[in-house]
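Working notes, beginning with the structure itself.
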Amino acid sequence: MLTAEDQTAIEQRLADFLTKSEAQWSALVDKGGNLFAQSGDTGQLDLSILSALAAGSFAATHELAKRLGEPDFSALYHEGHGQHILMSALHHECLLVTIFGERTNIGLVRFYAQQVTLSLNELLQQAREKEASTPPLLLEGEFLNDDQAAIT
Amino acid sequence: MRQDHQITHAQKGELVSLATDADRTLFFDFLSLNTKTLPGFTTRFQLYTVPGQAIYNTTRQLVLKGVDGIVFVVDSHWEKMADNVESFANLQENLIENHLSLVQIPYVLQYNKRDIPNAAPVNYLEFTFNNRANRALAFESVAATGSGVLETLNAAARLLLAKYSKTPNANVTGMSQPNLAVAVPPSVDNPRVTAGNAVA
């Protein structure tokens, strides 16, 4: 479970990473495609789609690695004409997704991505430890037969 | 997934389809919905469909990873019954591969194509797919017209949300592990619903 404070802390790390690497956008996404924290600007892009596709792409790559006898591919790089994506594996089933353009290069982005990966892993580990001592999130209401709890 | 025009109040994302040239689902179709289904929260549902063909089993497994709730769609054609049964068995095998099972995960059955002339009777489908101690909710549908689709989605959504209710729900499974995706207000939680088409 990530609290609002955890999210803020992660977003600060991401913002710092963007400043150093001159990348355009960076996000912490889980391997199920859920977006947890982000920094930077992607214009009009639908971020939930971006996260779902990034997670799918990473999952397919992980499966390829397994079939090649590799335990894992720790990073994945998609090179475009003007924009590129780097995805790095984090602990606790999470991914760091970074989009960058012509202002920087893959070497610089990868270097700083490796640094921020360490600090994000630390934050995720702390969140995991905190979760063990936090009661689960429970809300008033029964929901099962509740008309309010309906998608309309 | 194509009949999402029925959903009028939730904030819909764009429908993304990873399909082959022949319009067969290759990896998944994806739609995200932002809803106000819980007071004080925005709940984001991420809906994925999986490809039905046997050769796409690896991608099916990948989509099922991290699933929070499942809709299993049964084709009511008599001739498709063997495929339905095979798909249902395959779903359960794939869940085991991901260290999950239908005992843990809320799931709903949808009996589709009820408008065809020689549709298998519902009691036969119930006997074949829902013959267990804790019977799952089942809905009849005609996906081509949208009939029964929203009812199915809502049943799956409510089962998911009931995990976060203070009132214990005996019929709700999967209560043991709180999901990492659940955040405190004003953040968003992201249940993931996968629709498993028997024949996509």
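In order, the protein sequence lines correspond to chains C and B.
If you're matching positions, the first sequence starts at 4 in this note's numbering and goes up one per residue.
If you're matching positions, the second sequence starts at -13 in this note's numbering and goes up one per residue.
Beta carbons are placed, not taken as given, at the ideal position from N, Cα and C, and that holds for glycine.
Mind listing, in chain order, the continuous alpha helix (DSSP H) runs of no fewer than 4 residues lying wholly within the region 57 to 134 of chain B? 67 to 83 and 108 to 115
Roughly how many whole angstroms lie between the Cα atoms of ARG121(B) and TYR110(B)? 14 Å
Please classify ASN191(B) as buried or exposed, where buried requires at least 16 neighbouring CB atoms within 10 angstroms. Past the edges of chain B, shown from -13 to 186, lies residue 191(B), and the structure says nothing about it.
Hey, would you say ALA63(C) sits closer than 9 Å to ALA143(B), going by beta carbons? no
Of the listed residues HIS85(B), VAL57(B) and ALA40(B), nearest to ARG10(B) (C-alpha basis): ALA40(B)
CB contact below 9 Å: GLY134(B) versus chain C: no
Applying the criterion that 16 or more other CB atoms from any shown protein chain within 10 Å of the CB defines a buried residue, is ARG46(B) buried or exposed? buried
Three-way DSSP call (helix, strand, coil) for ASP44(C) in this model: coil
Partner residues on chain B for LEU142(C), Cβ-Cβ distance less than 9 Å: LEU24, PRO25, GLY26, PHE27, LEU147, TYR150, SER151 and LYS152
For ILE88(C), I'd like the list of residues in its chain whose CB is within less than 6 Å of its CB, leaving aside the five on either flank, ordered along the chain. HIS81 and ILE102
Measure the Cβ-Cβ separation of PHE31(B) and LEU56(C) and say whether it is below 9 Å. no
Three-state secondary structure (DSSP) of MET31(B): The sequence given here places Phe at residue 31(B); Met does not occur at that position. If DSSP states are grouped into helix, strand and coil, PHE31(B) belongs with the strands.
Just list the residues that DSSP pairs TYR150(B) with in beta bridges. Note: TYR150(B) sits in no beta bridge, so no partner.
According to DSSP, what are the bridge partners of PHE20(C)? BP columns for PHE20(C) are empty, so no partner.
Measuring only between beta-carbons, confirm whether VAL170(B) sits less than 9 Å from chain C. Only weak support is given to the placement of VAL170(B): the predicted model assigns it a pLDDT of 31, under 50, and the question is left unresolved by the model.
C-alpha gap between ASP7(B) and LEU71(C), whole angstroms: 28 Å
Given that LEU33(B) touches chain C, what residues does it touch there, using C-beta distances under 9 Å? Going along chain C, no residue has its Cβ under 9 Å from LEU33(B), so there is no contact; the nearest lies around 10 Å.
Segment limits, alpha helix (DSSP H) that includes THR137(C): Looking at the DSSP string, THR137(C) is not in any alpha helix (DSSP H), and its letter there is neither H nor E.
On the three-state DSSP scale, how would you describe GLY55(B)? strand
Hey, ASP101(B) and ALA130(B): beta-carbon distance below 9 Å or not? yes
Select from ALA68(B), LYS22(B), LYS(-2)(B) and LEU123(B) the residue whose C-alpha is nearest the C-alpha of GLY55(B). LEU123(B)
Alpha carbon to alpha carbon, how far is LEU86(B) from ASN43(B)? 16 Å
Contact set between the region 97 to 116 of chain C and chain B, restricted to residues whose Cβ is under 9 Å from the partner: CYS97
Bridge partner(s) assigned by DSSP for VAL49(B): Looking at the DSSP assignment, VAL49(B) forms no beta bridge with any residue, so it has no partner.
Would you list the residues sitting across from ASN140(B) in a DSSP beta bridge? Per DSSP, none; premise fails for ASN140(B).
Would you report the Cα separation of ARG106(C) and ASP33(C), rounded to the nearest angstrom? 27 Å
Tell me the DSSP secondary structure of LYS22(B) in three-state form. coil
State whether the region 136 to 144 of chain C contacts the region 39 to 52 of chain C, with contact taken as three or more CB pairs (one from each stretch) at a distance under 8 Å. no
Cα separation between LEU95(B) and LEU147(C)? 16 Å
Which partner residues does SER3(B) have in the DSSP bridge list? ASP15(B)
SER62(B) and LYS99(B) look like a contact to me (Cβ under 8 Å); what is the Cβ gap, rounded to whole Å? 5 Å
Which bits of chain C does ILE(-7)(B) rub up against, with CB to CB less than 9 Å? ILE154 and THR155
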